[in-house]
Amino acid sequence: MVKKCLGVTGMSAFVRRHDHTLKFDFFLHSSSSEYDEYCCDFCIEREGTYFYRFEAYVPGGVIFCGRDAEGKLITGDWLPEWQLSVYKNAYSTPDFFKGGLVYHIFCDRFCKAGKIVMPRFGVYKEWSDEVGATDASGVYRANDFYCGNFAGIVSKLDYLASLGVTALYLSPVFKSNSNHRYDTADYSQVEEMLGGDRGLEHLISEADKKGMAVILDGVFNHTGSDSVYFNKNGRFPGLGAYQGPQSPYYDWYTFLDFPDVYNSWWGIGCVPTIARDAVGFQKMIEDKVLKRWTKKGVRGWRLDVVDELSDVFLDDIRTAIKSADEDTVVIGEVWEDASTKVSYGEERRYFQGDQLDGVMNYVFKEAILSYLLNGDGYAFCNKINDISENYPTFVLDCCLTLIGSHDTVRAINVLSGAVAPQDREERRRYRLTEDEYALGKKRLLAAAALQYFLPGVPSLYYGDEVGLQGFEDPFNRRPFPWNDIDDEILTHYRKLGAIRTKYRDAFCG
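According to the working numbering, the stretch in the sequence shown is residues 2 to 510, in order.
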């Protein structure tokens with residue numbers, strides 16, 4: 002719609018992808034005494050991320066039209082463009098996941114019950130012990146175990162149901178010698194400390210009875226150096242890549258100076274990265290992990306550091322999962338706007354139909370926390386609107402809306418305004434002062450409301466709902482304080498969950 006007083010005689014749209022721009026002319030659709038309505042029909046035949054702007058022609062020349070920071074039309078020179086995300090017609094996402102509520106569990110720290118399997122290596126901790134102690138050399142080894150397990154999760158399913166939870170997102174469950182298990186030792190076995198294969202199958206079955214799906218964390222960019230595949234510590238029978246080219250796994254890794262200099266995630270030697278063209282590894286993951294556990298009832302996969310995975314592998318991951326159960330959700334770990342993400346110099350195509358159903362919405366997290374800290378509603382709305390416009394609606398409905406995770410400082414700490422001590426030992430033992438806790442709690446209640454009512458599926462990090470504190474990893478991974486629950490915060494979260502449960506359809510689309 003354009004005002005007649007402007008004297009517009011015609012309009013065009015300019016649609017750009019990279020350096021190639023297409024021009025589409027408008028036609029006059031209708032006219033009134035005050036306005037002319039111009040329309041344009043065009044078809045884009047290839048999926049991808051496009052950008053567009055308009056030009057309006059008047060007797061005196063051309064009016065250039067672009068978007069302002071809020072997405073509204075403005076005129077001028079060299080203006081920002083609008084974004085247009087184009088995807089395949091057949092692209093869809095699982096309906097069962099939409100409108101739900103995810104509970105994110107760090108398995109070693111949520112709850113333990115039944116038979117307790119002691120750690121093979123490392124240190125057993127009592128539930129009340131502080132986390133994150135370093136060894137004699139001053140290094141934290143992530144080998145302090147509290148022995149949380151699947152039986153513990155099963156014992157708390159009624160508690161989780163009271164929160165309105167519809168899906169459990171578990172930290173990595175496959176065999177590993179660390180408490181976080183992002184350094185997989187053997188993909189063919191579920192960690193026995195958690196309950197093994199049978200324990201996971203039992204959890205899937207019992208959770209399903211409560212209307213809860215189980216989502217596993219897929220760590221497929223790297224393995225542990227202490228693994229059957231790399232075997233740097235020599236703990237496993239057979240030859241790992243560290244033993245030389247005669248190992249069947251040698252080509253999975255990239256050695257720069259054999260044996261001790263090799264590609265690893267962020268240069269951390271205990272997590273050697275898998276070569277992006279390691280077909281043998283990829284085939285194993287697709288057939289022996291994804292298909293196997295999806296067929297056993299896993300309803301979703303969260304893909305760790307998905308930016309590191311090649312497009313070919315990511316395409317095959319989705320194909321493998323969907324071939325086992327088309328209604329399984331695939332979530333990627335992406336910290337930025339995933340619709341315009343570039344990694345390794347390549348424009349990623351997460352939302353074009355062949356890869357992801359959604360991502361962890363860290364952009365919303367930063368928007369929520371920043372707004373409650375500095376009160377800039379303008380910036381908050383712009384971030385929310387950008388993502389809402391850039392993501393297909395059915396993708397946004399499957400994104401995890403979070404305010405905290407195992408990789409971030411606890412939300413209540415952030416919102417309290419507390420300054421983390423420089424000394425690690427002080428951070429490890431730090432507890433918010435009475436005033437800090439009161440402020441953090443007040444803001445946390447508001448953050449939770451925003452988290453639950455913005456687009457997407459809320460992802461509640463275990464313990465946030467009872468006021469669990471902690472600075473950065475590993476201090477954000479304390480055992481769940483079952484004997485020290487803030488009932489006011491818990492009641493608030495239960496009320497929010499009840500609203501989402503009652504009006505679930507309203508949170509879809």
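The beta-carbon is built from N, C-alpha and C at its ideal position, and this holds for glycine as well.
Note that the coordinates shown come from a computational prediction; the quantities given were computed from them, not determined experimentally.
Three-state class that DSSP yields for residue i in the structure shown
i      : result
Phe146 : strand
Gln84  : strand
Ser226 : coil
Ile486 : coil
Thr434 : coil
Leu195 : coil
Thr135 : coil
Ile64  : strand
Val3   : strand
Leu403 : strand
Asp26  : strand
Tyr251 : helix
Ala177 : According to the sequence as given, residue 177 is Ser; it is not Ala. Here Ser177 sits in coil by DSSP.
Ser31  : strand
Val140 : coil
Val124 : strand
Extent of the continuous beta strand (DSSP E) to which residue i belongs
i      : result
Gln470 : Taken as a continuous stretch (DSSP letters only), Gln470 belongs to no beta strand (DSSP E), as it is neither H nor E.
Gln353 : Where Gln353 is concerned, there is no enclosing beta strand (DSSP E), given that its DSSP letter is neither H nor E.
Glu56  : 49–59
Val191 : 187–191
Gly219 : 214–219
Ala421 : Segment: none, Ala421 is in no beta strand (DSSP E) and carries neither H nor E.
Phe256 : 256–258
Ala368 : Where Ala368 is concerned, there is no enclosing beta strand (DSSP E), although the alpha helix (DSSP H) it sits in stretches over 363–375.
Val103 : 103–106
Leu357 : First-last for Leu357: undefined, no H or E at that position.
Phe15  : 11–18
Tyr463 : Per DSSP, Tyr463 belongs to no beta strand (DSSP E) and is neither H nor E.
Ala168 : 168–171
Thr76  : 74–76
Proximity of residue i and residue j at Cβ, strictly below 8 Å
i      : j      : result
Arg350 : Asp312 : yes
Val124 : Phe151 : no
Gly498 : Gly100 : no
Glu35  : Lys5   : yes
Asp358 : Pro173 : no
Gly457 : Leu401 : yes
Ala186 : Gly225 : yes
Leu403 : Leu373 : no
Asp184 : Cys271 : yes
Ile205 : Val118 : no
Lys176 : Cys112 : no
Pro60  : Gly8   : yes
Phe43  : Phe25  : yes
Asp317 : Gln283 : yes
Val155 : Glu207 : yes
Gly67  : Glu46  : no
Cys108 : Gly133 : no
Arg478 : Arg110 : yes
The alpha helix (DSSP H) enclosing residue i, as first and last residue numbers
i      : result
Tyr36  : Unbroken run through Tyr36 is the beta strand (DSSP E), 36–40; no alpha helix (DSSP H).
Phe151 : 151–156
Asp1   : No information on residue 1 is available, as it lies outside the stretch 2 to 510 that the chain covers here.
Leu397 : 394–397
Nearest-angstrom beta carbon gap, residue j and residue i [assumed within contact, 8 Å]
i      : j      : result
Arg319 : Asp355 : 6 Å
Leu291 : Ile322 : 5 Å
Leu440 : Gly418 : 6 Å
Arg429 : Phe476 : 6 Å
Asn391 : Gly72  : In fact, because the Cβ distance is near 10 Å, the residues do not count as touching under 8 Å.
Arg54  : Phe15  : 5 Å
Ala448 : Leu370 : 7 Å
Val364 : Ile388 : 5 Å
Tyr463 : His105 : 6 Å
Thr274 : Asn222 : 6 Å
Lys366 : Ile413 : No, Lys366 and Ile413 are not in contact; Cβ-Cβ is about 14 Å, not under 8 Å.
Val396 : Phe352 : 5 Å
Val215 : Leu171 : 7 Å
Val3   : Ala91  : Between Ala91 and Val3 the Cβ distance is about 37 Å, and since that is not below 8 Å, they are no contact.
beta-carbon residue i near the ligand FAD non-hydrogen atom, thresh 7 Å
i      : result
Ile486 : The ligand FAD is absent from the structure shown, which contains no ligand whatsoever.
is_contact[residue i, chain B] using C-beta, thresh 8 Å
i      : result
Arg300 : This model lacks chain B altogether, as it is built from one protein chain only.
Go through the region 261–347 residue by residue and report every complete run of the alpha helix (DSSP H) that reaches 4 residues or more, in order.
-> 280–285, 292–296, 312–325
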